[in-house]
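FYI, in my numbering the residues of the sequence shown are 392 to 783.
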Amino acid sequence: MHVNTLILGAGAAGLHCAANAGGDVLVVDHAKAAGEKIRISGGGRCNFTNTGTTHANFISANPHFAKSALARYTQWDFIDLVDRHGIAWHEKTLGQLFCDVSAKDIIAMLLAEMDAVGAQLWLKTEIGNIRHDGSVFHVALKRDGTAQIVTADNLVVALGGKSIPKMGATGLAYDIARQFGLKVTDTRAALVPFTFSDEKFKPLAGTAIPARLTTSDGTAFEEALLFTHRGLSGPAVLQSSSYWRDGEDVNIALAPNFDIDAALKSHRTTDGRKAVTTILSTHIPARLLDFLADDIDLSGNVGDLSDARIGDLTSALRRWALKPSGTEGYRTAEVTLGGVDTNDLSSKTMEAKAQKGLYFIGEAVDVTGWLGGYNFQWAWSSAVAAGAAISR
Ligand SMILES: Cc1cc2nc3c(=O)[nH]c(=O)nc-3n(C[C@H](O)[C@H](O)[C@H](O)COP(=O)(O)OP(=O)(O)OC[C@H]3O[C@@H](n4cnc5c(N)ncnc54)[C@H](O)[C@@H]3O)c2cc1C
Numbered sequence: 392m393h394v395n396t397l398i399l400g401a402g403a404a405g406l407h408c409a410a411n412a413g414g415d416v417l418v419v420d421h422a423k424a425a426g427e428k429i430r431i432s433g434g435g436r437c438n439f440t441n442t443g444t445t446h447a448n449f450i451s452a453n454p455h456f457a458k459s460a461l462a463r464y465t466q467w468d469f470i471d472l473v474d475r476h477g478i479a480w481h482e483k484t485l486g487q488l489f490c491d492v493s494a495k496d497i498i499a500m501l502l503a504e505m506d507a508v509g510a511q512l513w514l515k516t517e518i519g520n521i522r523h524d525g526s527v528f529h530v531a532l533k534r535d536g537t538a539q540i541v542t543a544d545n546l547v548v549a550l551g552g553k554s555i556p557k558m559g560a561t562g563l564a565y566d567i568a569r570q571f572g573l574k575v576t577d578t579r580a581a582l583v584p585f586t587f588s589d590e591k592f593k594p595l596a597g598t599a600i601p602a603r604l605t606t607s608d609g610t611a612f613e614e615a616l617l618f619t620h621r622g623l624s625g626p627a628v629l630q631s632s633s634y635w636r637d638g639e640d641v642n643i644a645l646a647p648n649f650d651i652d653a654a655l656k657s658h659r660t661t662d663g664r665k666a667v668t669t670i671l672s673t674h675i676p677a678r679l680l681d682f683l684a685d686d687i688d689l690s691g692n693v694g695d696l697s698d699a700r701i702g703d704l705t706s707a708l709r710r711w712a713l714k715p716s717g718t719e720g721y722r723t724a725e726v727t728l729g730g731v732d733t734n735d736l737s738s739k740t741m742e743a744k745a746q747k748g749l750y751f752i753g754e755a756v757d758v759t760g761w762l763g764g765y766n767f768q769w770a771w772s773s774a775v776a777a778g779a780a781i782s783r
């Protein structure tokens, strides 16, 4: 069998590329269903893009690489598509757009777009050897127990990263890249909770608080922090995990919008007999204050505090340095940081510089978005970049 374009991976990037690559496209995936990560994303409602997307929301060894694809197929282009399919959506927070009803609506939309151009989809299909004979790609596939070779003029690798192996992630994209002489940058789990070997936060599990987390490189995220049995989670923590390196501290400012210094000083004048913890508990959960009291002196009434003690207390709550022992790893990570080296790809088409007709798109590439719909936007934009180049 011969096709013009063979797309490996029926995830967000692969499905969207199929609809944009013109006719005679075959998409293959070893999963039982297409778009499994879309289905579970955003708590089942898929945070499908972010209205504020720019290249600054992505991490890559080349921070400029994503610019071209993001500019040529923007968040507004994808929102248009969602609107054309009558999918109702809402903005949750910080420009994050979610389906009103279900992430399955996005999968149905992508499949309908594929159908409209006559692209085929083979699920439960194993991918074997791949080679290029100087003119076409030969890809060994095993479908329903039957082995066959499919040849293709174009091969699009949309196999994602290594996160959540239980959902079918394999890292095969990196092996294919290396086979064709492309480099792969170091990969690691990102958008992932921090763990602490002593499980010291167990008593706080379930407690949440607004926080600003700053990693050693100075990157700061201000969102919710959630204590878990094994460590720290919540949006602020997931975001910071993409910038954190093993062995480093994370600096935490608790309740950053609560002016602790001003509140304590004002109560000292008006309400001196109030306990310090009572004033702080208006913005910091009492369970967390109990926990912190082991290390920070929170005793006494506010009327007894000197300016210096107020200063010490404020900075202790604003500069809480913690050293995670690690992260939950690929088991729960939303994305893989790193991937196919962008130096080896065209930023306009995603085509490999070393091999004509070979494309890498989506999470497999060393472009990793923040939490908040950016990773899907990269999947859509990079898919259209490759699709448009192929259909030309
Ligand atoms: C729990 C969770 C929630 C998320 N929520 C959001 C969100 O709300 N917003 C957002 O922007 N991002 C979110 N993400 C990230 C987002 O899902 C990914 O960035 C995106 O799916 C990447 O798309 P992709 O097509 O590149 O890869 P994938 O969607 O991972 O697709 C890769 C496909 O390749 C197939 N495959 C892999 N290896 C093989 C193999 N060896 N043989 C055959 N097939 C193979 C897989 O089965 C899969 O179908 C979330 C991720 C997770 C894990």
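All residues carry an ideal CB built from backbone N, CA and C; glycine is no exception.
With a cutoff of 8 Å on beta-carbon distance, residue 393 and residue 542 are scored as near each other. Looking from the CA of residue 726, the closest CA among 783, 528, 618 and 756 belongs to 756. Taking 8 Å as the cut-off, the Cβ atoms of residue 552 and residue 754 count as close.
Residues of the same chain with a CB within less than 6 Å of the CB of residue 625, apart from the 5 flanking positions on each side, are 615, 616 and 617 in chain order.
When 573, 770, 594 and 397 are compared, the shortest CA-CA separation from residue 513 is found for 397.
If you compare the alpha carbons of 766, 642 and 591 with that of residue 611, the shortest gap goes to 642.
In this structure, the CA atom of residue 729 is about 51 Å from the CA atom of residue 665. Here residue 715 carries a coil assignment [DSSP, helix/strand/coil]. Here the distance from the Cβ of residue 553 to the nearest heavy atom of ligand 1 is not below 7 Å. Annotated three-state conformation of residue 778 is helix, per DSSP. The alpha-carbon of residue 720 is positioned some 8 Å away from that of residue 579. Around the C-beta of residue 522, fewer than 16 other C-beta atoms lie within 10 Å, and the residue is accordingly described as exposed.
For the beta strand (DSSP E) assignment, the uninterrupted runs of no fewer than 3 residues enclosed by the region 671–722 are, from N- to C-terminal side, 711–713. Beyond the five residues adjoining it in sequence on each side, residue 497 comes within less than 6 Å, by CB distance, of 429, 437 and 439 in the same chain, given in chain order. In its chain, beyond the 5 residues on either side, 446 have a beta carbon closer than 7 Å to the beta carbon of residue 454.
Under the 8 Å Cβ criterion, the region 702–710 does not count as touching the region 569–586, having fewer than three qualifying pairs. In this chain, the beta strand (DSSP E) harbouring residue 521 covers 516–523. The closest CA to that of residue 457, considering only 695, 771 and 738, is found on 738.
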